[in-house]
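Chemist: Would you mind keeping the following structure in view while I ask a few things?
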Amino acid sequence: MLNAWFPRQRIAVVVVLQPVADRLTRRRSLRAPFSSLFPELPGFSYAGRFFPQAAACLRIVLQADPHAKCRRSISERISIVPSPQKFYAWPLAGILALAGATALAQSPATSIDGTWSGTAQYNGQQVPLRFEVHGSGTQVQAALLNGKQRSASSSGSYSDGHLVLQFDYYANTLDATLQSGTLTGTFSGRGRSIAFTAEKNAKPESPSPAPAPIGGDWEVEVKSAKSESAWTLHVKQSGPNVEAVIQRIDGDTGSLYGVWRNGQYEISHFTAAGPSYAVLRPQADGTLQLTVPSHGGASQTWTARRPQQARAAGLATPDDPLQHTRLHNPSQPLTFSAKDLNGKTVSSTDPAFKSKVVIVSIGGSWCPNCHDEAPLLESLYRKYHARGLDVVELSFEEEKQLANPTRLRAMIQRYGLSYQVLLAGTPDQLNEKLPGVDHLDSWPTTFFIGRDGQVKAIHTGFSGPATGEAHHDLEKETDALVKKLLS
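For the sequence shown, UniProt numbering gives the first residue as 1, with consecutive numbering after it.
Quick look at the structure:
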């Protein structure tokens, strides 16, 4: 019975019951057979079988209460076998046993509540991981922590030292086991599994002295597969601490946090989408070396310069997101046809779009920058739908998610999206589904269509909240463009 009720709290029951039973057996006027309370444990006949560590626990009890009087020695009670002599106990012993077991289950030593810090193994590097957890059973709430950003779990559970956190809006799972104060587990999803360990309230390593000043704007010289010649790197610095973000044509990295150690800044984050990691090394000539490790132990390294240095060196500026993607024939309308999540086909030629201003966004629930864009699209839709604005997202998902779009549904729920979201195909079908568009190579890419059905503007990528002023400027510019098209 006890074994079924409290499989992980057996020792606690012995600790409570043994002294109580010893004392209360003297109350002959209120005695009852111990075996009648817990039939599976007549007396302590099975102590050696069910509670192999009982002797050590009872020593702790006796040390805490040196005046306790026991009818038998520890060794006698641990080695006892069924005998004619029975132990008797007042029924209150059973109640106290349950209370003792429950108390242990909620004790600080086994509670999952608190802030956990550790490292994850990612592309051969140790990436910091920090998260907070509250609750027990199936009522666990948690969030991954990165600066001021919190990536909340969709659901969570904790039982018998096993923690599971679901981040449905990215289809990722944190699964870990608590043992000796350390959580050991994996963060997995989309075919990858990242091992990590974490401890509660772990103190971070101290920074090195004399941090190099790198705050401000930089331009990273690149030759990307998307025909880019430069990226933007923005760094905010406070003493040895930095917060950096890299802006590419397809969007930004999100905030990356780091500390000055051993002549470099290792910058990273670990969000619900997963980890990201890079290294910034100040150089003697005033440039920065940016290194990003990749899968298999290889890495890529680029040089970052201040914008004025880049101009003096004759280097190209970062691509204009309004010029990167273009229609091959600007006079041709953008056409699409895909099914919504209820299986209904929606096409660009539907009467519902006639004489409307339509925003068509190319996205995917796996794409962090698409998550960043979604709240802006929802805000515009709510603000201007009554005046003739429609918003459509063409979502490109993996085959598994196309068949059962759980991640996309979770994303829609997370941001409260009320505009139309369509399942357009897999990511490698992008150019097949939308022919006639040059340099269509980024998620998101957003088309702004006028009331006459013609594409008026195309914006590649998205500057998310991590980009600060760039994000606010994009919100204002997009709002102004929509109002102009509606007028």
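Backbone N, C-alpha and C define an ideal beta-carbon position, used for all residues, glycine too.
Classify residue 79 as buried or exposed, calling it buried when 16 or more other Cβ atoms lie within 10 Å of its own Cβ.
Modeler: Taking the sequence shown and counting its residues from 1, one reaches residue 79 at position 79. Only weak support exists for where residue 79 lies, its pLDDT of 33 falling under 50; the value from the coordinates is given anyway. Result: exposed.
Chemist: Counting only the same chain and skipping the five closest in sequence on each side, list residues whose C-beta sits under 6 Å from that of residue 46.
Modeler: The sequence position of residue 46 within the sequence shown is 46, counting from 1. In this predicted model, residue 46 has a pLDDT of only 33, less than 50, meaning its place in the structure is not dependable; the value taken from the coordinates is given anyway. Same-chain partners within the cutoff: there are none.
Chemist: Closer than 7 Å by C-beta to residue 92: which residues in its own chain qualify, once you throw out the five before and the five after it? Chain order, please.
Modeler: Walking along the sequence shown from the start, residue 92 turns up at place 92. With a pLDDT of only 42 at residue 92, under the threshold of 50, the placement of this residue in the model should not be trusted; the figure read from the coordinates follows. Nothing meets the Cβ criterion.
Chemist: Tell me which same chain residues have a C-beta within less than 8 Å of the C-beta of residue 194, skipping the five on either side of it?
Modeler: Taking the sequence shown and counting its residues from 1, the one referred to as residue 194 is at position 194. Taken in chain order, the residues that qualify are 120, 121, 122, 186, 187, 188, 274, 275.
Chemist: Can you check which of these residues, 220, 475, 216, 238, is closest to residue 231 by C-alpha distance?
Modeler: The residue given as residue 231 occupies position 231 in the sequence shown. The option with the nearest alpha carbon to residue 231 is 220.
Chemist: Just list the alpha helix (DSSP H) runs in the region 391-434, keeping only unbroken ones of 4 residues or longer that don't cross its boundaries, in chain order.
Modeler: Within the region 391-434, the complete alpha helix (DSSP H) runs of at least 4 residues are 399-403, 406-415, 430-433.
Chemist: By how many angstroms is the C-alpha of residue 330 removed from the C-alpha of residue 315?
Modeler: Counting from one through the sequence shown, the residue named residue 315 turns up at place 315. Counting from one through the sequence shown, the residue named residue 330 turns up at place 330. C-alpha separation (whole angstroms): 30 Å.
Chemist: What three-state label does DSSP hand residue 167 in the structure shown?
Modeler: Within the sequence shown, numbered from 1, the residue matching residue 167 stands at position 167. Three-state result, residue 167: strand.
Chemist: Take the Cβ of residue 130 as the centre, count every other Cβ of all protein chains shown within 10 Å, and call the residue buried at 16 or more, exposed below.
Modeler: Position 130 of the sequence shown, counting from 1, holds the residue named residue 130. Its Cβ being crowded by 16 or more others within 10 Å, residue 130 is buried.
Chemist: Just to confirm my understanding: we take residue 28, look at its own chain, exclude 5 residues before and 5 after, and list those with CB closer than 6 Å. What are they?
Modeler: Numbered from 1 along the sequence shown, position 28 holds the residue referred to as residue 28. Annotation note: pLDDT 35 at residue 28 (below 50); position unreliable, coordinate value reported separately. For residue 28, where only same-chain residues beyond five positions count, there are no Cβ hits under 6 Å.
Chemist: Report all residues from its chain with a CB closer than 7 Å to the CB of residue 225; omit the five preceding and five following residues, and keep chain order.
Modeler: By 1-based counting over the sequence shown, the position of residue 225 is 225. There are no such residues.
Chemist: Quick check: the Cα distance between residue 61 and residue 115, rounded to an integer number of angstroms?
Modeler: On the sequence shown, residue 61 is found 61 positions in, with the first residue counted as 1. On the sequence shown, residue 115 is found 115 positions in, with the first residue counted as 1. Because residue 61 carries a pLDDT of 34, less than 50, the predicted location of this residue cannot be relied on, and the following value inherits that uncertainty. Answer to the nearest angstrom: the Cα atoms are 31 Å apart.
Chemist: For residue 264 and residue 297, I'd like the C-alpha separation in whole angstroms.
Modeler: Position 264 of the sequence shown, counted from the first residue, corresponds to residue 264. Position 297 of the sequence shown, counted from the first residue, corresponds to residue 297. Each residue's alpha carbon lies about 19 Å from the other.
Chemist: In the DSSP assignment, find the alpha helix (DSSP H) that holds residue 295 and state where it starts and stops.
Modeler: As a working mapping, residue 295 is identified with position 295 in the sequence shown. Run containing residue 295: none; DSSP gives neither H nor E here.
Chemist: Residues bridged to residue 269 by DSSP?
Modeler: Against the sequence shown, residue 269 aligns to sequence position 269. Answer is 276.
Chemist: Under the DSSP definition of a beta bridge, which residues are partnered with residue 304?
Modeler: Walking along the sequence shown from the start, residue 304 turns up at place 304. DSSP output for residue 304 lists 220, 288 as bridge partner(s).
Chemist: Taking the CB atoms as reference points, tell me whether residue 459 and residue 321 lie closer together than 8 Å.
Modeler: One-based indexing of the sequence shown puts residue 459 at position 459. One-based indexing of the sequence shown puts residue 321 at position 321. Yes, these two residues count as a Cβ contact at 8 Å.
Chemist: Closer than 8 Å by C-beta to residue 148: which residues in its own chain qualify, once you throw out the five before and the five after it? Chain order, please.
Modeler: For this step, residue 148 is matched to residue 148 along the sequence shown. Hits under 8 Å: none found.
Chemist: Taking Cβ to Cβ, would you say residue 456 is nearer than 8 Å to residue 474?
Modeler: Residue mapping note: residue 456 aligns to position 456 of the sequence shown, counting from 1. Residue mapping note: residue 474 aligns to position 474 of the sequence shown, counting from 1. No, Cβ-Cβ distance for residue 456 and residue 474 is not below 8 Å.
Chemist: Cβ of residue 168 within 8 Å of Cβ of residue 410?
Modeler: Residue 168 sits at position 168 when you count from the first residue of the sequence shown. Residue 410 sits at position 410 when you count from the first residue of the sequence shown. For residue 168 and residue 410, yes; Cβs fall inside 8 Å.
Chemist: Would DSSP call residue 476 helix, strand or coil?
Modeler: Against the sequence shown, residue 476 aligns to sequence position 476. Three-state DSSP puts residue 476 in a helix.
Chemist: Considering only their Cβ atoms, is the gap separating residue 228 from residue 235 smaller than 8 Å?
Modeler: In the sequence shown, the residue the question calls residue 235 occupies position 235. In the sequence shown, the residue the question calls residue 228 occupies position 228. Not in contact: residue 235 and residue 228 (Cβ atoms no closer than 8 Å).
Chemist: In the structure shown, what three-state DSSP assignment does residue 250 receive?
Modeler: Walking along the sequence shown from the start, residue 250 turns up at place 250. Coil at residue 250, not helix or strand.
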